[in-house]
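Numbering (the numbering used here), first residue to last: 1 to 93. Just so it is clear, CB atoms sit at the ideal spot from N, CA and C, and this is done for glycine as well. To keep things clear, I will list the structure first and then write my remarks on it.
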Amino acid sequence: MFKNHFTPHAPFSTPTVLIDSGVFAMSRNPVYLALVLSQFGLGFVLDMVWLLPSALILWITLYYLIVPDEEKILESLFKERYTHYKQHTRRWF
1 MFKNHFTPHA PFSTPTVLID SGVFAMSRNP VYLALVLSQF GLGFVLDMVW
51 LLPSALILWI TLYYLIVPDE EKILESLFKE RYTHYKQHTR RWF
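Right, here's the structure in full:
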């Protein structure tokens with residue numbers, strides 16, 4: 001999806017396009033959501049109980065540290081377009 005929109009997807013790179021279609025129309029953070037849910041699910045499937053609290057720690061880190069910083073960057077880059085996207089698309093579900 002990132003390549004289709006010709007925008008970088010590597011961490012710490014500056015996005016050039018606001019992607020608001022596909023899974024990004026349903027969640028502002030579908031990649032992070034998939035990561036947390038995968039870790040949580042693997043904890044159950046593989047009977048690795050230690051993955052369950054680590055999934056919670058990952059979610060808390062994303063929710064309170066990573067995502068707010070990313071949202072500030074996106075607001076400064078895309079201004080009203082990101083504000084509109086943020087108002088109409090949930091952060092997680």
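- The Cβ atoms of Pro-30 and Phe-24 sit closer than 8 Å to each other.
- DSSP assignment within the segment 6-92 yields the following whole alpha helix (DSSP H) runs of 4 residues or more, N-terminal first: 30-45, 51-61 and 67-88.
- Restricting attention to Ser-54, Glu-75 and Tyr-63, the CA atom closest to the CA of Arg-91 is found in Tyr-63.
- Beyond the five residues adjoining it in sequence on each side, Tyr-82 comes within less than 7 Å, by CB distance, of Leu-18, Leu-74 and Glu-75 in the same chain, given in chain order.
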